[in-house]
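For the sequence shown, our numbering begins at 47 and goes up steadily by one. Remarks on the structure that follows.
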Amino acid sequence: MKIVTLLTDFGYNDHYVAAMKGVILSICPDAQIIDVSHGVPSFDIISASYVLKAAYKYFPEKTVHVVVVDPGVGTSRKAIAIETKRYFFVGPDNGVLIPAAMDDGISRVVEISGKYMQRQVSCTFHGRDIFAPAAAYIACGVRLEEIGKVLHSYVVPEFVEPEFIDEKVRAKIIYIDKFGNAATNVSNELVKRIGLKYGDKVKVEIKGRTVVLPFLPSFGYVGGGEGLLLINREGYLELAVNLGSAAE
């Protein structure tokens, strides 16, 4: 089974996703293409990396995951392909692939070479002209070492781990879902290490405001419109409001 997934910030109104799919199927006709999402906020590398890490592991081994959230398109940033223990990842060298790839265990990283691109490469559409063809060739069995030269360094995003400052945890909001739940980069493992327990009250400082929120298992432990902290379905500490939006 040759599976290629697509995760982009292209939205659903334009032809960009269809063009990528056409390129993939022209090179690898029996590929199965799965849309993870094309609704990632424009240029939002952090949100895209969260969605990728949340979704990648539920696909069969050898799936090729393609991500195009690429504000640096057409610049000197590299186009890369990554092989991990069970998967392949293709996209820009801007950190978007790294949290998921590190989670599975990176085996090698290569810079995609000209042979496995379209003959004419647009400076503004590397998704179609570089990432889609490279992913198709990988899905059809081309080895990663043929795709390009090995890279020993690549961009690692700053948002992977929270900071500890003066006995405080400085976290970042890394994803807001359609319900307004705000996921942070604080993992469940870190919550356990800190010693936070259900029922504890936590002081949260955000955007100049300070609120005290209970740490609880799920939304229904507080009344409608009340806030809380919980461990979300992906294993991260999340700010939420029961029957409401924490983002608002």
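Beta carbons are placed, not taken as given, at the ideal position from N, Cα and C, and that holds for glycine. Keep in mind that this is a model prediction, so the values were computed, not measured.
Buried or exposed (CB count within 10 angstroms, at least 16 for buried), Phe95: As a working mapping, residue 95 is identified with position 49 in the sequence shown. Note that residue 95 is Ser in the sequence shown here, rather than Phe. With 16 or more other Cβ atoms within 10 Å, it is buried.
Lys247 - DSSP class collapsed to helix/strand/coil: Translated into positions along the sequence shown, residue 247 becomes position 201. In the structure shown, Lys247 falls within a strand segment according to DSSP collapsed to helix, strand and coil.
C-beta atoms of Lys99 and Ala146 nearer than 7 Å: As a position in the sequence shown, residue 99 is number 53, starting the count at 1. As a position in the sequence shown, residue 146 is number 100, starting the count at 1. The answer is yes: Cβ separation under 7 Å.
Beta strand (DSSP E) runs wholly inside the stretch 125-174, at least 3 long, in chain order: Taken in chain order, the whole beta strand (DSSP E) runs of length 3 or more contained in the stretch 125-174 are 125-130, 134-138 and 152-158.
Limits of the unbroken alpha helix (DSSP H) element including Ile176: For the purposes of this step, residue 176 is identified with residue 130 of the sequence shown, where counting begins at 1. Looking at the DSSP string, Ile176 is not in any alpha helix (DSSP H), and its letter there is neither H nor E.
Segment limits, beta strand (DSSP E) that includes Lys259: As a first step, residue 259 is located in the sequence shown; it is residue number 213 there, counting from the start. Residue identity check: residue 259 is Leu in the sequence provided, not Lys. Per DSSP, Leu259 belongs to the beta strand (DSSP E) from Arg255 to Pro260.
Per-residue burial, Asn19 [other beta carbons within 10 Å of its own, 16 or more giving buried]: No statement about residue 19 is possible, as the shown extent of the chain runs from 47 to 294 and does not include it.
Cross-strand partners of Glu107 (DSSP beta bridge): Working through the sequence shown from its first residue, we reach residue 107 at position 61. According to DSSP, Glu107 bridges with nothing at all.
Three-pair Cβ contact test at 8 Å for the stretch 128-139 versus the stretch 68-75: Note that the stretch 128-139 does not touch the stretch 68-75; fewer than 3 beta-carbon pairs, one per stretch, sit closer than 8 Å.
Closest Cα partner of Glu157 within the set Ala185, Asp175, Ser168 and Glu191: Translated into positions along the sequence shown, residue 157 becomes position 111. Of the candidates Ala185, Asp175, Ser168 and Glu191, the one whose C-alpha sits nearest the C-alpha of Glu157 is Glu191.
Option in Arg216, Ile277, Ala101 and Val215 with minimal Cα separation from Ser264: Reading the sequence shown from its first residue, position 218 is the one you call residue 264. The shortest Cα separation from Ser264 among Arg216, Ile277, Ala101 and Val215 belongs to Ile277.
Where Glu272 falls: helix, strand or coil (DSSP): Against the sequence shown, residue 272 aligns to sequence position 226. Coil, per DSSP.
Rounded straight-line distance, which links the Cα of Ala127 to that of Val119: By one-based count along the sequence shown, residue 119 stands at place 73. By one-based count along the sequence shown, residue 127 stands at place 81. So the alpha carbons of these two residues sit roughly 16 Å apart.
Any 3 or more C-beta pairs closer than 8 Å across the stretch 106-115 and the stretch 168-181: yes
Gly290 beta carbon less than 7 Å from that of Gly271: As a working mapping, residue 271 is identified with position 225 in the sequence shown. As a working mapping, residue 290 is identified with position 244 in the sequence shown. Going by C-beta atoms, Gly271 is nearer than 7 Å to Gly290.
Reduced DSSP category for Gly194 - H, G, I as helix; E, B as strand; rest coil: Taking the sequence shown and counting its residues from 1, one reaches residue 194 at position 148. Three-state result, Gly194: strand.
7 Å CB neighbourhood of Gly281 in its chain, flanking five on each side removed: As a first step, residue 281 must be located in the sequence shown, where it is residue number 235. These residues qualify, in order along the chain: Ser233 and Asn234.
Residues bridged to Ala229 [DSSP beta-bridge criterion]: Translated into the one-based positions of the sequence shown, residue 229 becomes position 183. Note: Ala229 sits in a beta bridge opposite Tyr221 and Glu284.
Reference Val82; option with closest CA among Leu53, Tyr62, Asp90 and Ile91: Sequence index remark: in the sequence shown, residue 82 carries index 36 (1-based). Here the closest residue by C-alpha is Leu53.
Cβ-based neighbour list, Asn288, same chain, cut-off 6 Å, excluding 5 preceding and 5 following: For the purposes of this step, residue 288 is identified with residue 242 of the sequence shown, where counting begins at 1. Answer for Asn288: Phe265, Val268, Gly270 and Glu272, listed in chain order.
Collapsed DSSP secondary structure at Phe210 in the structure displayed: Walking along the sequence shown from the start, residue 210 turns up at place 164. Strand.
N- and C-terminal bounds of the beta strand (DSSP E) containing Asn83: For this step, residue 83 is matched to residue 37 along the sequence shown. A small correction: the amino acid at residue 83 is Ser; Asn does not occupy that position in the sequence shown. Where Ser83 is concerned, the enclosing beta strand (DSSP E) stretches over Gln78 to Ser83.
DSSP bridge partner residues for Thr51 (one or two, in chain order): Looking up residue 51 in the sequence shown gives position 5. According to DSSP, Thr51 bridges with Ile80 and His111.
Proximal residues to Ala185 (C-beta, below 6 Å), its chain only, five neighbours per side dropped: Position 139 of the sequence shown, counting from 1, holds the residue named residue 185. Lys48, Val50, Cys74, Ala77 and Val110, listed in sequence order.
Three or more C-beta pairs below 8 Å linking the stretch 200-211 and the stretch 134-144: yes
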